[in-house]
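Encoded as structure tokens, the structure appears first; notes follow it.
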Amino acid sequence: KTVDGPSGKLWRDGRGAAQNIIPASTGAAKAVGKVIPSLQGKLTGMAFRVPVPNVSVVDLTCRLGKAASMDEIKKKIKEASLNEFKGIMGYTEEQVVSSDMNDDPRSCIFDAGACISLNDNFVKLIAWYDNEFGYSNRVLDLINYIHSKK
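Numbered according to this note's numbering, the sequence shown spans residues 813 to 962.
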């Protein structure tokens with residue numbers, strides 16, 4: 813049976829996923845506020861269901877309270893990816909696409925070349941992630957952490 817009709821109350825969710833980009837809601841922004849309380853109520857977001865087997869990308873548009881050039885932002889993120897977030901967050905200046913991120917164990921890979929700065933207070937940051945493998949690796953990190961506390 814071809815699926816191209818309503819799925820429950822949401823018409824879009826039942827449309828042919830292999831032929832369409834489908835806007836969808838996501839709880840990711842709300843989850844960030846629960847993990848980082850200072851960001852509660854400061855983020856919102858949506859997802860796009862796209863016909864690829866794996867890997868997602870986040871497009872984060874930010875209004876900065878303190879001015880920062882894109883070069884400064886990239887430098888800080890690169891430093892963090894090599895130090896306190898090594899193995900969790902990556903940094904690339906390569907011309908990557910989604911399939912390049914398959915089986916990457918990190919939670920996200922900051923795409924320096926895809927970022928945009930409208931001015932020093934308004935930027936768009938892009939990061940890729942393998943939504944299965946990266947998450948699974950963080951679960952393993954948590955299990956190892958809990959085990960180490962016994």
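Backbone N, C-alpha and C fix where the C-beta goes; we use that ideal spot for every residue, glycine too.
Where are the beta strand (DSSP E) runs, 3 residues long or more, that stay fully inside the region 895-952, in chain order?
List check, beta strand (DSSP E) in window: 901-904, 920-923, 928-931 and 934-941.
How about residue 869 and residue 910: do their beta carbons lie closer than 8 Å?
Counted from its first residue, the sequence shown places residue 869 at position 57. Counted from its first residue, the sequence shown places residue 910 at position 98. Yes, they are a contact pair.
Do the CB positions of residue 923 and residue 940 come within less than 8 Å of each other?
On the sequence shown, residue 923 is found 111 positions in, with the first residue counted as 1. On the sequence shown, residue 940 is found 128 positions in, with the first residue counted as 1. Contact: yes.
Could you give the residue range of the beta strand (DSSP E) that holds residue 844?
Along the sequence shown, one-based indexing puts residue 844 at 32. Not the beta strand (DSSP E): residue 844 falls in the alpha helix (DSSP H), residues 840-847.
Considering just the uninterrupted stretch of the beta strand (DSSP E) at residue 859, what are its terminal residues?
Numbered from 1 along the sequence shown, position 47 holds the residue referred to as residue 859. From DSSP, the beta strand (DSSP E) with residue 859 extends over 859-861.
When the Cα atoms are used, what is the spatial distance from residue 952 to residue 946?
The residue labelled residue 952 in the question sits at position 140 within the sequence shown. The residue labelled residue 946 in the question sits at position 134 within the sequence shown. Distance between the alpha carbons of residue 952 and residue 946: 10 Å.
Let's test the definition: count the other Cβ atoms within 10 Å of the Cβ of residue 954 and tell me whether it reaches 16, buried, or not, exposed.
Within the sequence shown, residue 954 is the residue found at index 142, counting from 1. Classification for residue 954: exposed.
Determine the extent of the beta strand (DSSP E) in which residue 836 is found, giving its start and end residues.
One-based indexing of the sequence shown puts residue 836 at position 24. Per DSSP, residue 836 belongs to the beta strand (DSSP E) from 834-836.
Shortest alpha-carbon distance to residue 908 belongs to which of 855, 938, 851 and 850?
Position 96 of the sequence shown holds residue 908. With distances taken between Cα atoms, residue 908 lies closest to 938.
Kindly confirm or deny that the region 834-841 and the region 879-889 touch, where touching means at least three C-beta pairs closer than 8 Å.
No: fewer than three Cβ pairs fall under 8 Å.
Less than 8 Å between the C-beta atoms of residue 925 and residue 905, yes or no?
For the purposes of this step, residue 925 is taken as the residue at position 113 of the sequence shown. For the purposes of this step, residue 905 is taken as the residue at position 93 of the sequence shown. A contact, by the Cβ cut-off of 8 Å.
Relative to the C-alpha of residue 936, which candidate in 886, 826 and 900 has its C-alpha closest?
Start at 1 with the first residue of the sequence shown, and residue 936 comes out as number 124. Looking at the Cα atoms, 886 is the closest of the given residues.
Rounded to the nearest angstrom, what separates residue 857 and residue 959 at their Cα positions?
In the sequence shown, residue 857 corresponds to position 45, counting from 1. In the sequence shown, residue 959 corresponds to position 147, counting from 1. So the two alpha carbons sit approximately 34 Å from each other.
Give the range of the beta strand (DSSP E) segment to which residue 872 is assigned.
Counting from one through the sequence shown, the residue named residue 872 turns up at place 60. Residue 872 -> beta strand (DSSP E) spans 868-875.
If we ignore side chains and look at the alpha-carbon of each, how far apart do residue 949 and residue 917 end up?
Residue numbering aside, residue 949 sits at position 137 when the sequence shown is read from its first letter. Residue numbering aside, residue 917 sits at position 105 when the sequence shown is read from its first letter. About 6 Å.
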